[in-house]
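Peer 1: So the sequence shown is residues 540 to 1184, counted in my numbering.
I am attaching a structure below and will ask some questions about it afterwards.
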Amino acid sequence: MVLKEVYNPHTESAFDQYKTEHASSIADPESYWGQKALENLDWFSPFDAVLQGSFTDGSVAWFVNGKMNACYNAVDRHVDTKGSQVALLWEGDEPGDTKSYTYTQLLARVCQIANAMKAEGVKKGDVVTVYLPMMPEVTMVMLACARIGAVHSVIFAGFSADAIAERIAASQSKWVFTSDEGLRGGKRLPLKNICDNAMNKEICINVVSKCFVFERTGGKCNWSDSRDVKFGALADSQRPYCPCETMDSEDNLFILYTSGSTGRPKGVVHTVGGYCLYAMETCKNSFGLKDGDVFACVADAGWITGHSYIVYGPLLNGVTSFMFESTPMYPDEGRYWDCVERHKINVFYTAPTAIRSLMRFGDTAPNKYDLSSLRVLGTVGEPINPEAWRWYYEVVGREKCSVVDTYWQTETGGHVITNYPGVTPMKPGSCTLPCFGIEAVVLDSQTGKEIEGNDVEGVLAIKQPWPGVTRTCLGDHERYLNVYMKPYPGYYFPGDGCRRDKDGYIWITGRVDDVLNVSGHRIGTAEVESALVAHPSVSQAAVIGFPHDIKGQGICCYCTLTYGHEESEDLVKELRNAVRVAIGPFATPDLIVPTPSLPMTRSGKIMRRILRKIAAGETDTLGDVGTLGDPSVVQKLIDKVETLQ
Ligand code: WT7
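Laid out in structure tokens, this is it:
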């Protein structure tokens, strides 16, 4: 495919400059990041050393002994020069239901919220759980936590009560924010009641002291006078100034739970100094930010994408951050483009799954709107297939915008591999080249040796620390070491396979662990399996991802039933529901396959490779089934899946 002219077309000189800057950033990371930290962040007192520690023993620390505050950097410091500029531009569920807050207004409201939290007893270091819909308060609460040194733990509002309870208990979080209800696509979601179900579970009794409730819809919800606080009113009564807590660069800023290959979600920890610098720099570079930009990341604040590119990245850079409460389909499939036109959005950032689902409706919707404000289009979450890339580039971007394919993860804090607009020549489907400060290498998965040269395939690894890398898993440093640092000693291991093409460009080939990527959401197969086997009718479950046109991956669950339980439509419904209850609706299985037995090796291991092929319909390339205990199981499963699909 030939790429036509783009608004900010790459030039050879810009590309050469990238190569030079990238080379120097990895040759001498300490001077590179040290200088960036001094130039771009405001420090209450300077750091003694830029970098300390290493991946090998998991002791990485950045900007050692430096003192700062993330909220101060994201809000306060802009007030003098851009006080009247809009910091937060919110569009609610109904088109045109908007609210905006200038930097001055944002500071005042964040301070009121911070003061209200202090009045209720929230202290520096406390973990504050945030289960809020996409209302402006989610951003404000995160910033207010940062301001007083509390550690926010945001839980995406699609998680179930079980999942919330598990996270509250794991982090021993005394404080929980929620709202009466949420509103999405015209539907009300009973968030407070879901939260109540979580807080009332045994593992949370005596953990939660107070539940702070904002009003979103004014709808009815359960109420406990001793525990629940009408938080909007409490904040209204507070002084609109609250001093910033002095934080050490390595104090915890937030935790965010994410799935791994075991049943328990991991509390990924990010710290103040390194995370802020990395979110700020990647937001600026990857999207080619300009002063005055309206930056729209339409992810949910409950995922890392929202943390880094709705809240911290754009605000640290002092641009206008757009927050979106609704869905791309409400009231119709033109909603995103309607927002772009009305709010004159310059940078638009979404996931391939959203692009694919909109593309199905054709070009009419994007063609109806004036999209001329757009300069950069971003994608994140999974590799973007070239068809979707082309539609995004041609129909949404009118062949005038750069499309940036940003590869990263919860643990990396910000982008680690992406093209830069106007800088890196684009290739649809490839996340292209590493960001400044990132030394990306391809390893042989067996030997762990670096594979040199181009046109090679292996697992992705990152060779030296960067400021945004997660520092630990909450309460479990051993797990942190085991998952990220020990698989390939001396490297950070993200868990993805990749290919480096003849031009040195990286193509992500997908997770190499038992983690699924469903609509850009990470779901551990073990979490789904444990939800299934908790049901009395299931004795064994094997959960597999399979290619799905819109979602990227769909979830297929093979279940063997316990003695006396018969397969039925009702049972399939119940099992599907069991997963929704344990994790949340976004993890709903696409396919449930009850089966008398699973293909096992003679030593009793489930042969996932075969189950994967069956779910994908690739039954002519099953490979060797000779090591199976009972090879006839395979044909039975093939027949079964065919009838279900
Ligand atoms: C996993 C991380 C980072 C925000 C969204 C998800 C996959 C992410 C890309 C991309 C190919 C990608 C990887 C990664 N992934 N972006 N541009 N191209 N794959 O965050 O839940 O932490 O998931 O998403 O497999 O490891 P997450």
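The beta-carbon is built from N, C-alpha and C at its ideal position, and this holds for glycine as well.
Small disclaimer: the values here were computed from a predicted structure and weren't measured.
Which class does His1016 belong to by DSSP, given the choice of helix, strand or coil?
Peer 2: Against the sequence shown, residue 1016 aligns to sequence position 477. Of the three classes helix, strand and coil, the one that applies to His1016 here is helix, per DSSP.
Peer 1: Tell me the DSSP secondary structure of Gly812 in three-state form.
Peer 2: Locating residue 812 in the sequence shown gives position 273, counting from the first residue. It is helical.
Peer 1: So, is Tyr1102 buried or exposed, given that buried needs 16 or more other C-beta atoms within 10 angstroms?
Peer 2: The sequence position of residue 1102 within the sequence shown is 563, counting from 1. When all chains shown are included, Tyr1102 counts as exposed.
Peer 1: Using DSSP bridges, identify the partner residues of Phe834.
Peer 2: As a first step, residue 834 must be located in the sequence shown, where it is residue number 295. Answer is Ser860 and Val886, bridged to Phe834.
Peer 1: In angstroms with no decimal places, state the Cα-to-Cα distance between Pro867 and Asp632.
Peer 2: Translated into positions along the sequence shown, residue 867 becomes position 328. Translated into positions along the sequence shown, residue 632 becomes position 93. For Pro867 and Asp632, the distance between alpha carbons rounds to 10 Å.
Peer 1: Any chance the CB of Val919 is under 7 Å from a heavy atom of the ligand WT7?
Peer 2: The residue you call residue 919 lines up with position 380 of the sequence shown. Yes - the ligand WT7 has a heavy atom lying nearer than 7 Å to the Cβ of Val919.
Peer 1: With DSSP collapsed to three states, give me the class of Lys749.
Peer 2: Position 210 of the sequence shown, counted from the first residue, corresponds to residue 749. Looking at Lys749 - three-state DSSP - the assignment turns out to be strand.
Peer 1: Determine the contact status of Val1132 and Cys1096, defining contact as a CB-CB distance below 8 Å.
Peer 2: Stepping through the sequence shown from its first residue, residue 1132 is reached at position 593. Stepping through the sequence shown from its first residue, residue 1096 is reached at position 557. Cβ atoms of Val1132 and Cys1096: closer than 8 Å.
Peer 1: Regarding Trp928 and the ligand WT7, is the C-beta to nearest heavy atom distance less than 7 Å?
Peer 2: For this step, residue 928 is matched to residue 389 along the sequence shown. For Trp928, the Cβ stays outside the 7 Å cut-off from all heavy atoms of the ligand WT7.
Peer 1: I'd like to check one pair, Cys781 with Arg648: are the Cβ atoms closer than 8 Å?
Peer 2: Stepping through the sequence shown from its first residue, residue 648 is reached at position 109. Stepping through the sequence shown from its first residue, residue 781 is reached at position 242. No.
Peer 1: Quick one: is Ile742 buried, meaning 16 or more other Cβ sit within 10 Å of its Cβ, or exposed?
Peer 2: Sequence index remark: in the sequence shown, residue 742 carries index 203 (1-based). With fewer than 16 Cβ atoms within 10 Å of its Cβ, Ile742 is classed as exposed.
Peer 1: Suppose the cutoff is 7 Å on Cβ atoms and the five residues either side in sequence are ignored; what does the same chain contact list for Leu1183 look like?
Peer 2: What you label residue 1183 is simply residue 644 of the sequence shown in a count that begins at 1. Once the five neighbours on either side are set aside, the close Cβ partners of Leu1183 are Leu1130 and Val1132.
Peer 1: Does the Cβ of Gln556 lie closer than 7 Å to at least one heavy atom of the ligand WT7?
Peer 2: Along the sequence shown, read from residue 1 onward, the residue named residue 556 stands at position 17. The answer is no for Gln556.
Peer 1: Does the distance from the C-beta atom of Arg914 to that of Cys940 stay below 8 Å?
Peer 2: One-based indexing of the sequence shown puts residue 914 at position 375. One-based indexing of the sequence shown puts residue 940 at position 401. Cβ atoms of Arg914 and Cys940: closer than 8 Å.
Peer 1: Thinking C-alpha only, which one of Met1139, Val1180, Ala1155 and Ala1154 is nearest Asp1163?
Peer 2: Residue mapping note: residue 1163 aligns to position 624 of the sequence shown, counting from 1. Proximity to Asp1163 across Met1139, Val1180, Ala1155 and Ala1154 peaks at Met1139, based on C-alpha coordinates.
Peer 1: Please classify Phe1117 as buried or exposed, where buried requires at least 16 other C-beta atoms within 10 Å of its C-beta.
Peer 2: In the sequence shown, counting from the first residue as 1, residue 1117 sits at position 578. Before going further, note that residue 1117 is Ala rather than Phe in the sequence given. With 16 or more other Cβ atoms within 10 Å, it is buried.
Peer 1: My guess is that Leu671 and Phe770 are in contact by the Cβ rule of under 8 Å, so how many angstroms apart are they, rounded?
Peer 2: Translated into positions along the sequence shown, residue 671 becomes position 132. Translated into positions along the sequence shown, residue 770 becomes position 231. Leu671 to Phe770, Cβ: 11 Å. No contact.
Peer 1: Please list the terminal residues of the continuous alpha helix (DSSP H) segment that includes Val1072.
Peer 2: Walking along the sequence shown from the start, residue 1072 turns up at place 533. Residues Thr1064 to Val1072.
Peer 1: Taking Thr971 as the reference, which of Arg1018, Asp1109, Ser570 and Ile923 has the closest Cα?
Peer 2: Here residue 971 refers to the residue found at position 432 of the sequence shown. Ranking Arg1018, Asp1109, Ser570 and Ile923 by Cα distance to Thr971 puts Ile923 first.
Peer 1: I need the DSSP call for Tyr851, collapsed to helix, strand or coil.
Peer 2: Your numbering for residue 851 matches position 312 in the sequence shown. In the three-state scheme derived from DSSP, where H, G and I count as helix and E and B as strand, Tyr851 is classed as helix.
Peer 1: Sort out for me which residues DSSP pairs Gly1093 with in a bridge.
Peer 2: Counting from 1 along the sequence shown, the entry for residue 1093 is found at position 554. Under DSSP, Gly1093 takes part in a beta bridge, and its partners are Phe1085.
Peer 1: I need the DSSP call for Thr801, collapsed to helix, strand or coil.
Peer 2: Here residue 801 is taken as the residue at index 262 of the sequence shown, counted from 1. Coil, per DSSP.
Peer 1: Looking at Trp629: is its Cβ nearer than 8 Å to the Cβ of Leu816?
Peer 2: On the sequence shown, position 90 is the one that residue 629 refers to. On the sequence shown, position 277 is the one that residue 816 refers to. A distance of 8 Å or more separates the beta carbons of Trp629 and Leu816.
Peer 1: Near Asp701, which residues of its chain fall below 8 Å by C-beta distance, leaving aside the five closest residues on each side in sequence?
Peer 2: If you number the sequence shown from 1, residue 701 lands on position 162. Excluding sequence neighbours, Asp701 sits near Ala737, Lys740, Val1120, Ala1121 and Ile1122.
Peer 1: Taking 7 Å as the cut-off, is the beta-carbon of Asn1056 closer than that to any non-hydrogen atom of the ligand WT7?
Peer 2: Within the sequence shown, the letter at position 517 stands for residue 1056. Because some heavy atom of the ligand WT7 lies under 7 Å away, the Cβ of Asn1056 counts as near it: yes.
Peer 1: Just to confirm before moving on: does the CB-CB distance between Val1051 and Ile1001 stay below 8 Å?
Peer 2: Counted from its first residue, the sequence shown places residue 1051 at position 512. Counted from its first residue, the sequence shown places residue 1001 at position 462. No, Cβ-Cβ distance for Val1051 and Ile1001 is not below 8 Å.
Peer 1: Could you tell me which of Pro779, His846, Ile565 and Gln624 sits nearest to Val693, measuring between CA atoms?
Peer 2: Here residue 693 refers to the residue found at position 154 of the sequence shown. Cα-wise, what sits closest to Val693 is His846.
Peer 1: Return the chain-ordered ranges of every beta strand (DSSP E) run that is complete within the segment 924-967 and spans a minimum of 3 residues.
Peer 2: 941-945
Peer 1: Say yes only if the C-beta of Gly841 is nearer than 7 Å to one or more non-hydrogen atoms of the ligand WT7, and no if none qualify.
Peer 2: In the sequence shown, counting from the first residue as 1, residue 841 sits at position 302. No; taking the cut-off as 7 Å, the Cβ of Gly841 has no heavy atom of the ligand WT7 nearer than that.
Peer 1: Please say whether Gly802 and Glu1017 have beta carbons closer to each other than 8 Å?
Peer 2: Locating residue 1017 in the sequence shown gives position 478, counting from the first residue. Locating residue 802 in the sequence shown gives position 263, counting from the first residue. No, the pair does not count as a contact, with Cβ atoms beyond the cut-off.
Peer 1: If we ignore side chains and look at the alpha-carbon of each, how far apart do Thr1166 and Leu1150 end up?
Peer 2: Locating residue 1166 in the sequence shown gives position 627, where the first residue counts as 1. Locating residue 1150 in the sequence shown gives position 611, where the first residue counts as 1. Spanning the two alpha carbons is a distance of roughly 14 Å.
Peer 1: Return yes when at least one heavy atom of the ligand MN lies under 7 Å from the C-beta of Thr844, else no.
Peer 2: Inclusion of the ligand MN in the displayed structure is not the case, the ligand content consisting of the ligand WT7 alone.
Peer 1: The ligand WT7 heavy atoms versus the CB of Ile694: any closer than 7 Å?
Peer 2: Stepping through the sequence shown from its first residue, residue 694 is reached at position 155. Flag unset: Cβ of Ile694 not near the ligand WT7.
Peer 1: Measure the C-alpha to C-alpha separation of Tyr503 and Arg766 and round it to an integer number of angstroms.
Peer 2: Here the chain comprises residues numbered 540 to 1184, so residue 503 is not present and cannot be evaluated.
Peer 1: For Pro922, is the beta carbon positioned less than 7 Å from some heavy atom of the ligand WT7?
Peer 2: For the purposes of this step, residue 922 is identified with residue 383 of the sequence shown, where counting begins at 1. The answer is yes for Pro922.
Peer 1: Helix, strand or coil, according to DSSP, for Val677 in the structure here?
Peer 2: Against the sequence shown, residue 677 aligns to sequence position 138. Helix at Val677.
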